[in-house]
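If you read the protein sequences in the order shown, they are chains U and D. Just so we're aligned: the first sequence equals residues 761 to 960 in our numbering. Just so we're aligned: the second sequence equals residues 761 to 960 in our numbering. Using N, Cα and C, we set each Cβ at its ideal position, and we do this for glycine too. Remember, predicted model here, so these are calculated numbers, not experimental data. See below for the structure under consideration.
Protein chains: 2
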Amino acid sequence: MPDPATVTVPAREGRAVELRRGDRIRVIDPRGGQVADVFAFCADDVSEYASAQHTRVWVGKLFPAVGEQFVTNHRRPILTLEEDTSPGIHDMLCAACDPARYALLGAEGWHASCEENLQKAMAALGHEGIVIPQPINLFMNIPVGEGGAIGWEPAPTAAGDSVTLRAEMDIIVAVSACPQDLVPINSGDPTEIELEISRG
Amino acid sequence: MPDPATVTVPAREGRAVELRRGDRIRVIDPRGGQVADVFAFCADDVSEYASAQHTRVWVGKLFPAVGEQFVTNHRRPILTLEEDTSPGIHDMLCAACDPARYALLGAEGWHASCEENLQKAMAALGHEGIVIPQPINLFMNIPVGEGGAIGWEPAPTAAGDSVTLRAEMDIIVAVSACPQDLVPINSGDPTEIELEISRG
């Protein structure tokens with residue numbers, strides 16, 4: 761495989777890749793205005809995964825800063841937020857979109873979702889029936905306002921903005937190019953996400 | 761069983777009770793200054809449970825207001841926040857304390873934790889090996905400040921303050937009287953929690 765290797769996550773789809781400790785993954789929004797739902801699992805036990813609720817306690821804030829780490833549900837560092845060329849607005853409050861979310865929003869029939877994208881991408885690597893962790897929603901703009909009210913705003917990314925994550929253990933990373941088109945988080949037009957993987 | 765029935769959750773311990781749809785549980789802080797970690801599971805399938813990440817999306821805020829609902833990881837209403845006689849400060853950002861948390865805080869040897877309290881209480885009802893959901897941390901004071909920074913402050917409850925939750929389906933509710941004594945959330949002195957269960 762070339763280094764760096766590139767993987768395109770087509771619009772509304774998901775992909776999973778295996779990383780060794782020390783490898784890096786750059787998550788790129790090639791057109792701007794697009795959310796990437798990121799999930800990370802320990803390669804040798806997918807019941808351990810990057811956990812929003814534990815990461816908030818670890819960093820003492822709603823989202824890690826550059827140089828800080830995401831931890832697992834066993835409070836072990838799994839990813840370091842190494843670089844961020846985007847406006848630095850990301851979300852770790854909201855569940856992945858799923859069939860129930862789209863039904864509640866009034867979608868008729870099947871609608872692609874980050875949950876199904878994750879399940880398919882993990883199944884392609886042999887992992888069926890995983891627990892669905894809370895995602896790291898890169899580029900997702902969920903402002904927290906007065907009284908803890910949250911909003912759903914378009915991703916503020918420009919074309920080519922990216923976040924680089926370093927693996928702190930051997931992991932599987934799954935990324936969904938969020939298919940949400942019923943709230944404005946993807947600027948009304950879900951597009952692809954590019955992944956650039958560099959071996960450590 | 762008398763109606764209402766009362767259950768004491770001793771300091772640093774946990775208890776689980778079964779509720780039918782329409783039943784109510786009043787969670788009381790009898791001495792003040794104490795956090796209660798609450799978990800709710802569907803009685804017929806404990807892989808469905810009250811989910812913080814889905815509830816935030818459901819209510820559009822960090823914690824439901826009185827009259828609003830907590831939903832499950834399948835986005836179904838499971839509990840309604842029916843009454844709140846406390847100052848109304850609760851947390852739904854932080855993971856339950858667990859052995860790893862206390863080790864990281866420098867505790868030597870075993871320390872009681874909300875995670876173990878949950879596991880023991882659920883095992884007593886025949887449910888081993890559950891997924892650990894993110895808790896509903898009643899009375900827990902985690903202010904969100906500038907740049908999303910979070911803090912750990914003492915619970916602002918006075919003796920006798922309570923929250924009443926109504927079951928929206930047949931459920932198991934587990935409550936841990938949080939044993940955290942290394943950060944000040946329990947005012948330095950973990951105490952008991954009282955439960956009052958009224959049949960619907």
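**Study point:** Assigned secondary structure, N992(D) (DSSP; H/G/I helix, E/B strand, else coil)
**Key:** Chain D is shown only over 761 to 960; residue 992(D) falls outside these bounds and no answer can be derived.
Review point. Mind checking if I890(D) is an interface residue toward chain U, Cβ cutoff 8 Å exclusive?
Key: The residue you call residue 890(D) lines up with position 130 of the second sequence. Closer than 8 Å: no.
Practice item. Check whether the Cβ atoms of A915(D) and G820(U) lie closer than 8 Å to each other. Key: Counting from 1 along the second sequence, the entry for residue 915(D) is found at position 155. Counting from 1 along the first sequence, the entry for residue 820(U) is found at position 60. It is not a contact, given that the beta carbons lie outside the stated cut-off.
**Study point:** chain D contacts from the region 798 to 831 of chain U (Cβ-Cβ distance under 8 Å)
**Key:** S811, A812, Q813, H814, R816, V817, G820, K821, L822, F823
Practice item. Check each candidate in S936(U), E906(U), I902(U), I953(U) and name the one with the smallest Cα separation from I945(U). Key: For the purposes of this step, residue 945(U) is taken as the residue at position 185 of the first sequence. Taking only the C-alpha atoms, the option nearest I945(U) is I902(U).
Point to revise | Where the region 860 to 879 of chain U meets chain D: residues whose CB sits under 8 Å from a CB there | key: A860, R861, L864
Check your understanding: By how many angstroms is the C-alpha of H871(D) removed from the C-alpha of R816(D)?
Key -> Mapped onto the second sequence, residue 816(D) falls at position 56. Mapped onto the second sequence, residue 871(D) falls at position 111. Each residue's Cα considered, the two are about 31 Å apart.
Practice item. Step through the CB atoms of chain D and report whether any lies within less than 8 Å of the CB of Q894(U). Key: On the first sequence, residue 894(U) is found 134 positions in, with the first residue counted as 1. At least one chain D Cβ lies under 8 Å of Q894(U).
Exercise for review: Rounded to whole angstroms, what's the CA-CA distance from A765(D) to A771(D)? Just pull it up for me.
Suggested key: What you label residue 765(D) is simply residue 5 of the second sequence in a count that begins at 1. What you label residue 771(D) is simply residue 11 of the second sequence in a count that begins at 1. Using only the alpha carbons, I get a separation of about 19 Å.
Practice item. Quick one: residues in its chain with C-beta nearer than 6 Å to the C-beta of I849(D), no 5 flanking neighbours on either side, listed in chain order? Key: Against the second sequence, residue 849(D) aligns to sequence position 89. Hits under 6 Å: N901, P916.
Exercise for review: Tell whether a beta-carbon distance below 8 Å holds between E778(D) and A803(D).
Suggested key: Locating residue 778(D) in the second sequence gives position 18, where the first residue counts as 1. Locating residue 803(D) in the second sequence gives position 43, where the first residue counts as 1. A contact, by the Cβ cut-off of 8 Å.
Practice item. Please confirm if G848(U) has its CB atom under 8 Å from at least one CB of chain D. Key: For the purposes of this step, residue 848(U) is identified with residue 88 of the first sequence, where counting begins at 1. No, its Cβ sits nowhere closer than 8 Å to a Cβ of chain D.
**Study point:** Near-chain D residues of the region 930 to 941 of chain U - C-beta to any C-beta below 7 Å
**Key:** none
Practice item. Taking E954(U) as part of the beta strand (DSSP E), name the residues at either end of that continuous run. Key: The sequence position of residue 954(U) within the first sequence is 194, counting from 1. E954(U) -> beta strand (DSSP E) spans 953 to 958.
Exercise for review: Locate the alpha helix (DSSP H) running through T815(D), then write down its first and last residues.
Suggested key: Residue mapping note: residue 815(D) aligns to position 55 of the second sequence, counting from 1. Segment 812 to 819, the alpha helix (DSSP H) holding T815(D).
Practice item. Please report the residue range of the beta strand (DSSP E) in which L898(U) lies. Key: Residue mapping note: residue 898(U) aligns to position 138 of the first sequence, counting from 1. Segment 896 to 898, the beta strand (DSSP E) holding L898(U).
Review point. By a C-beta neighbour count over all protein chains shown, 10 Å radius and 16 as the cutoff for buried, is P824(U) buried or exposed?
Key: Here residue 824(U) is taken as the residue at index 64 of the first sequence, counted from 1. Buried is the call here.
Exercise for review: Could you give the DSSP three-state label for L865(U): helix, strand or coil?
Suggested key: Here residue 865(U) refers to the residue found at position 105 when the first sequence is read from its first residue. Coil at L865(U), not helix or strand.
Exercise for review: Return yes when at least one heavy atom of the ligand NAD lies under 7 Å from the C-beta of A800(U), else no.
Suggested key: Because no ligand of any kind appears in the structure shown, any question about the ligand NAD cannot be addressed here.
Review point. Taking just the CA atoms, how far does Y809(D) sit from E888(D)?
Key: Here residue 888(D) corresponds to residue number 128 of the second sequence, with the count starting at 1. Here residue 809(D) corresponds to residue number 49 of the second sequence, with the count starting at 1. For E888(D) and Y809(D), the distance between alpha carbons rounds to 15 Å.
Check your understanding: Under a CB-based cut-off of 8 Å, is I910(D) close to chain U?
Key -> The count along the second sequence starts at 1 and reaches residue 910(D) at position 150. Closer than 8 Å to some Cβ of chain U, the Cβ of I910(D) qualifies, so yes.
**Study point:** Residues near A812(D) in its chain [Cβ-Cβ closer than 6 Å; skip 5 each side]
**Key:** Start at 1 with the first residue of the second sequence, and residue 812(D) comes out as number 52. Within the same chain, A812(D) has close Cβ partners M852, Q894.
Review point. Which of the three DSSP states, helix, strand or coil, is assigned to I838(U)?
Key: Your numbering for residue 838(U) matches position 78 in the first sequence. Reduced to three states, the DSSP call for I838(U) is strand.
Check your understanding: Helix or strand or just coil, what does DSSP make of C854(U)?
Key -> Counting from 1 along the first sequence, the entry for residue 854(U) is found at position 94. C854(U) falls in the coil class under three-state DSSP.
Point to revise | Pick from R791(U), V831(U), A883(U) that is closest to A919(U), judged by C-alpha positions | key: Here the question's residue 919(U) lines up with position 159 in the first sequence. Comparing Cα positions, the closest option is R791(U).
Point to revise | Rounded straight-line distance, which links the Cα of V943(U) to that of A776(D) | key: One-based indexing of the second sequence puts residue 776(D) at position 16. One-based indexing of the first sequence puts residue 943(U) at position 183. A776(D) and V943(U): Cα-Cα distance of roughly 38 Å.
Practice item. Whole angstroms is fine: what's the gap from G793(U)'s alpha carbon to T845(U)'s? Key: Counting from one through the first sequence, the residue named residue 793(U) turns up at place 33. Counting from one through the first sequence, the residue named residue 845(U) turns up at place 85. Each residue's alpha carbon lies about 14 Å from the other.
Exercise for review: Determine whether the Cβ of V904(U) lies closer than 8 Å to any Cβ atom of chain D.
Suggested key: Stepping through the first sequence from its first residue, residue 904(U) is reached at position 144. Taking Cβ atoms only, chain D reaches closer than 8 Å to V904(U), which makes this a yes.
Point to revise | Identity of the residues DSSP links to R775(U) by a beta bridge | key: As a first step, residue 775(U) must be located in the first sequence, where it is residue number 15. In DSSP, R775(U) forms a bridge with V935(U).
Point to revise | Separation of T951(D) from V798(U), as counted between CA atoms | key: In the first sequence, residue 798(U) corresponds to position 38, counting from 1. In the second sequence, residue 951(D) corresponds to position 191, counting from 1. V798(U) and T951(D): Cα-Cα distance of roughly 39 Å.
Review point. Do V923(U) and V767(U) have their CB atoms nearer than 8 Å?
Key: Locating residue 923(U) in the first sequence gives position 163, where the first residue counts as 1. Locating residue 767(U) in the first sequence gives position 7, where the first residue counts as 1. Contact: no.
Check your understanding: With 16 other CB atoms within 10 Å as the buried threshold, where does D755(U) fall?
Key -> Because chain U in this structure spans residues 761 to 960, residue 755(U) falls outside the shown range and cannot be described.
Check your understanding: Using the beta-carbon count (16 or more within 10 Å), is A884(D) buried or exposed?
Key -> If you number the second sequence from 1, residue 884(D) lands on position 124. Exposed, because fewer than 16 other Cβ atoms sit within 10 Å of the Cβ of A884(D).
Review point. Hey, R781(D) and M929(D) are a contact pair by Cβ (cut 8 Å); roughly how many whole angstroms apart?
Key: The residue given as residue 781(D) occupies position 21 in the second sequence. The residue given as residue 929(D) occupies position 169 in the second sequence. Yes, R781(D) and M929(D) are in contact; Cβ-Cβ is about 5 Å, under 8 Å.
Check your understanding: Taking 8 Å as the CB-CB limit, is A855(U) close to chain D?
Key -> The count along the first sequence starts at 1 and reaches residue 855(U) at position 95. Yes, its Cβ sits closer than 8 Å to a Cβ of chain D.
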